[in-house]
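Engineer: Just dropping this structure here.
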Amino acid sequence: MKLDPETTASGTLAVSGVERAIRLVTLSGAGVAALLVLIVFGVVSYSVFMRYVLGTPVTFSDELNGFIVVAMVALGAGEVLLRGEHFGVDLLTERAGPRMQWLVELWGMIGVILVASAILYSAVLMVQFSYDFGVYSDGYLGVQMWIPQGFLLIGMGILILAAMARIFTLLTVRRP
Numbered sequence: 558m559k560l561d562p563e564t565t566a567s568g569t570l571a572v573s574g575v576e577r578a579i580r581l582v583t584l585s586g587a588g589v590a591a592l593l594v595l596i597v598f599g600v601v602s603y604s605v606f607m608r609y610v611l612g613t614p615v616t617f618s619d620e621l622n623g624f625i626v627v628a629m630v631a632l633g634a635g636e637v638l639l640r641g642e643h644f645g646v647d648l649l650t651e652r653a654g655p656r657m658q659w660l661v662e663l664w665g666m667i668g669v670i671l672v673a674s675a676i677l678y679s680a681v682l683m684v685q686f687s688y689d690f691g692v693y694s695d696g697y698l699g700v701q702m703w704i705p706q707g708f709l710l711i712g713m714g715i716l717i718l719a720a721m722a723r724i725f726t727l728l729t730v731r732r733p
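Take the sequence shown: its letter number 2 is residue 559 in this note's numbering, and every next letter is one higher.
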């Protein structure tokens, strides 16, 4: 295996200490997201059992699973970003030189911060409105909406931290 300036002797990408520290935050979010996957599996299994074995449909499962899926995506996004596993179009960048690839990744992280900041700002307003006016879900659960909406705040905060850590790594450790 040929090593370039971006890889270490083990073949992994070089990262900064800041990115390693933020990794603890993103891994925590991903860990909670993984736990939520198990909860969704349990709720779906319970719902299927109740409906098809006992003939008693569960009314709240779809609404609950919808809230949980939003939380899973929001909490796991930061770790997926640091692993480099988000969908990307490499058709042009893989043919570019190292400096251009570095610039594309840098601008990509800036774009992530801008979009996540816009979502975070909107989520703050949404959660504040839902909390102030006591908005409840329309479904069978009747959940105060600021609770599931709050996961967007946490998730976008984690995503912004992850993108900032990657930018720090790009500027300090992985400069072309």
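Ideal placement from N, C-alpha and C gives every residue a C-beta, glycine not left out.
Could you round the C-beta distance between L677 and L710 to whole angstroms and report it? I think they count as a contact, below 8 Å.
Structural biologist: Indeed they touch by this definition, with Cβ atoms about 7 Å apart.
Engineer: For P562 and A634, what's the separation of their Cα atoms in angstroms?
Structural biologist: Because the pLDDT of P562 is 41, which lies under 50, any placement of that residue in the model is unreliable, and the number read from its coordinates should be weighed accordingly. Looking at the two C-alpha atoms, the distance is approximately 27 Å.
Engineer: Figure out for me which residue from M721, P733, L728, R732 has the closest Cα to the Cα of A578.
Structural biologist: Closest option to A578, Cα to Cα, is M721.
Engineer: For L648, tell me which candidate among E642, Q658, V575, L663 has the shortest Cα-Cα distance.
Structural biologist: Of the listed residues, the one whose Cα sits closest to L648 is Q658.
Engineer: Apart from the five residues on each side of it in sequence, which residues of its chain come closer than 8 Å, Cβ to Cβ, to V627?
Structural biologist: For V627, where only same-chain residues beyond five positions count, the Cβ hits under 8 Å are P705, F708, L709.
Engineer: Among L727, L581, G699, which has the Cα closest to the Cα of L660?
Structural biologist: Nearest of L727, L581, G699 to L660, Cα basis: L727.
Engineer: Going by beta carbon distance, what residues of the same chain come within less than 8 Å of N622, once the five residues before and after it are set aside?
Structural biologist: Closer than 8 Å at the Cβ level, and outside the excluded window around N622, lie V597, V600, V601.
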